[in-house]
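Participant: Here the sequence shown is numbered in the working numbering, starting from 196 and rising by one per residue.
Virtual Cβ for every residue (Gly too), placed ideally from N, Cα, C.
Note that the structure is a prediction, hence the values are computed from the model and not measured.
The structure that follows is given in the form of C-alpha cells.
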Amino acid sequence: MVAEVMAKELKAVGVNLNFHPLCDIHTRPSNPVIARRAFGSDDEIVSRMASAMVRGFVANRVIACVKHFPGHGDTTVDSHVDLPKSNVPWAELMKRELKPFSRVIKSRVEMIMTAHILNAAIDPIYPATLSYSTIANGLRKELRYNRLIITDDMTMDAVAKNFGEEDMIALAINAGCDLLLYRTEEQGRRAMDTAFQFLASGRISSEQVEA
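Below, the structure is given as C-alpha cells:
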C-alpha cells in the first residue's frame, strides 16, 4: 500500500525511478549513515519489507532501485566522507547482509545500487563499486542478477579521495556497473567524455559497453 501511494505520487510529477527501498540491515548501532533509514536490525524483517516495497513499485510501474549492495549496515564509517571497511567472507554475508538483496531479486527488482565499501575478504584492493569480484562474480554470477546496476554517487569521498576521478570510471564499468551516478550534470558529462576516451584506448571493453 505504501509503495502504491508513493508510486502514484511519483508518476503524477513525471518520475519513474525511485532510489528506494534500502536493503541495508542496521547491524551496528554505531553506524553513522544507515541508522533509522533501514527497516530494522532483523534480517528477516528487512528482507520482507524491502521485497514488499519492490513488488509494490513493480506493480505500479515505477522502477525500484534498492541499495547499498552488498550492505552498508555493518559499518562504522559514512561513505560520504571516508571509505568504510569490512572483512566478512561472502558465505557469512549470505547468511545475513545479502538476504534482503536475494529476496528483492526474486521480486524482480529492476535496479541495484552499489556501496562504496571495501570488504577485504572479497576484494582487498577495491570497494564494491569498483570490484569485479563483488559485482561481476558476486552480484551477477552468485546471486544471478541480470538487470541494471548503478553506482552510488561517484563524487563521494569514499571513492573520490582514494581511487582517482578518472581511474574509478574505468574500474566501475569494467567491474560490471551499467550506470555511474554523479551529483551534477557537469560532472556526469566529464565522466562520459572520459569513458569514451577509455573506450577508444581499449581500457574499457566494447563488450562491457554493449552489455
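(1) Which same chain residues end up closer than 8 Å to Asp273 when comparing Cβ atoms and leaving out the 5 residues on each side of it in sequence?
(2) Label Gly235 either buried or exposed according to how many other C-beta atoms from any shown protein chain fall within 10 Å of its C-beta, with 16 as the threshold for buried.
(3) Once the 5 residues before and after Ser246 are set aside, which same chain residues still bring their CB inside 7 Å of it?
(4) Under a three-way DSSP split, which group does Ala406 fall into?
(5) If you follow the beta strand (DSSP E) that Lys356 is in, where does it begin and where does it stop?
(6) Which runs of the beta strand (DSSP E) at least 3 residues long sit entirely within the segment 279-364? Give them in chain order.
(7) Given a threshold of 16 other Cβ atoms within 10 Å of its Cβ, counted over all protein chains shown, does Gly209 qualify as buried or as exposed?
(8) Can you tell me whether Asn369 is helix, strand or coil according to DSSP?
(9) So what does Leu376 bridge to, in DSSP terms?
(10) Return the residue from the list Phe252, Ala370, Gln392, Ala233 that minimises the CA-CA distance to Asp269.
Facilitator: Taking the definition as stated:
(1) Non-local beta-carbon contacts of Asp273 in its own chain, meaning distances under 8 Å to residues more than five positions away in sequence, involve Pro227, Val228, Pro279 in chain order.
(2) Gly235 comes out exposed.
(3) Only Arg298, Val299, Ser302 meet the Cβ criterion.
(4) In the structure shown, Ala406 sits in coil (DSSP, three-state: anything other than H, G, I, E or B).
(5) In the DSSP annotation of this structure, Lys356 is not part of any beta strand (DSSP E), being labelled neither H nor E.
(6) Fully enclosed beta strand (DSSP E) runs of 3 or longer: 306-309, 343-348.
(7) Looking at its Cβ environment, which holds fewer than 16 other Cβ atoms inside 10 Å, Gly209 is exposed.
(8) Shown here, Asn369 sits in a helix according to DSSP, grouped into three states.
(9) Answer is Asp348, bridged to Leu376.
(10) In this structure, Ala233 is the residue among Phe252, Ala370, Gln392, Ala233 with its C-alpha nearest to the C-alpha of Asp269.
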